[in-house]
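Please read the structure below before turning to the comments.
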Amino acid sequence: TGFTIDPANGNILEIIDPLGSKEIFTYDSFGNALTFTDKNNQLTIGVISDTCLNSKYARLDILHTAYDVFKQLNVSYVLHCGNFTEGYAKGDTHVEHILYPDYGGMLDYIREGYPNIGVDTYFIGGRNERSFFKRIIKEKDEDGFIRKEKTNVCSNLEALRSDFIFLGWHNAKVRIAPK
Numbered sequence: 167t168g169f170t171i172d173p174a175n176g177n178i179l180e181i182i183d184p185l186g187s188k189e190i191f192t193y194d195s196f197g198n199a200l201t202f203t204d205k206n207n208q209l210t211i212g213v214i215s216d217t218c219l220n221s222k223y224a225r226l227d228i229l230h231t232a233y234d235v236f237k238q239l240n241v242s243y244v245l246h247c248g249n250f251t252e253g254y255a256k257g258d259t260h261v262e263h264i265l266y267p268d269y270g271g272m273l274d275y276i277r278e279g280y281p282n283i284g285v286d287t288y289f290i291g292g293r294n295e296r297s298f299f300k301r302i303i304k305e306k307d308e309d310g311f312i313r314k315e316k317t318n319v320c321s322n323l324e325a326l327r328s329d330f331i332f333l334g335w336h337n338a339k340v341r342i343a344p345k
């Protein structure tokens with residue numbers, strides 16, 4: 167197996183196996199892998215993580231640029247590797263980082279602001295999404311009893327848009343194949 171490595175930053179640019187199969191990688195300016203292309207099957211996917219949406223410091227401009235690149239490369243789908251959101255009540259000063267303190271406002275912001283290029287975004291829940299389990303919903307049922315339910319933000323994100331597909335918590339096995 168042969169590797170082509172960028173001498174400036176150590177990123178793997180391509181891998182060539184003994185049979186001549188070639189895999190090519192592209193990166194954003196921060197060194198995050200954006201795409202992986204298997205030239206034998208013409209598969210290109212986008213990879214992104216740590217968007218931290220609902221943070222005052224989230225970079226929607228970079229997110230939209232990445233998706234613009236994914237669209238130009240005609241990716242089959244996008245893998246989001248966790249920390250989709252900024253999270254919930256992670257510390258005393260965390261509220262200072264939040265754009266929308268109400269849960270519904272955050273979901274609306276994500277539904278409207280997340281790029282849609284006509285391909286699915288498969289995502290895992292990271293540490294930030296797990297923090298929403300601290301958010302308890304209390305409702306009275308028909309008998310007057312109070313029911314408590316932890317917030318599963320990943321299920322709510324998946325329900326927002328048909329192109330969001332939740333794969334699991336912290337990791338997932340993904341079979342990558344052309345459509």
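Numbered per this note's numbering, the sequence shown spans residues 167 to 345. For glycine and all other residues, C-beta sits at the position ideal for the given N, C-alpha and C.
By how many angstroms is the C-alpha of residue j removed from the C-alpha of residue i?
i	j	result
Ala224	Asp309	43 angstroms
Tyr280	Leu265	15 angstroms
Cys320	Ala174	37 angstroms
Gly212	Gln238	11 angstroms
Leu209	Leu179	16 angstroms
Pro267	Ile171	44 angstroms
Asp216	Ile228	12 angstroms
Tyr193	Leu333	24 angstroms
Gly284	Asp329	8 angstroms
Met272	Asn240	29 angstroms
Rank the options by C-alpha distance to the C-alpha of residue i and give the top, closest one.
i	options	result
Ile331	Lys237, Asn220, Cys247 and Thr231	Cys247
Asn337	Arg296, Arg277 and Ile190	Arg296
Lys316	Glu305, Leu326 and Thr192	Glu305
Gly270	Asn220, Asp307 and Gly334	Asn220
Leu323	Lys339, Asp286, Val340 and Asp307	Asp286
Thr251	Gly292, Lys188, Glu262 and Thr192	Gly292
Ile276	Ile190, His230, Lys339 and Val261	His230
I'd like the span of the beta strand (DSSP E) that includes residue i, first residue to last.
i	result
Phe289	Thr287 to Gly291
Thr192	Lys188 to Tyr193
Ends of the alpha helix (DSSP H) at residue i?
i	result
Lys237	Leu226 to Gln238
Tyr275	Tyr269 to Gly279
Residue i bridges to which residues according to DSSP?
i	result
Leu326	BP columns for Leu326 are empty, so no partner.
Val244	Gly212 and Thr287
Glu180	Thr170 and Ile190
Can you round the beta-carbon distance between residue i and residue j to whole angstroms, since I take them to be within the 8 angstroms contact cut?
i	j	result
Tyr254	Arg327	About 20 angstroms separates the two Cβ atoms, so there is no contact after all.
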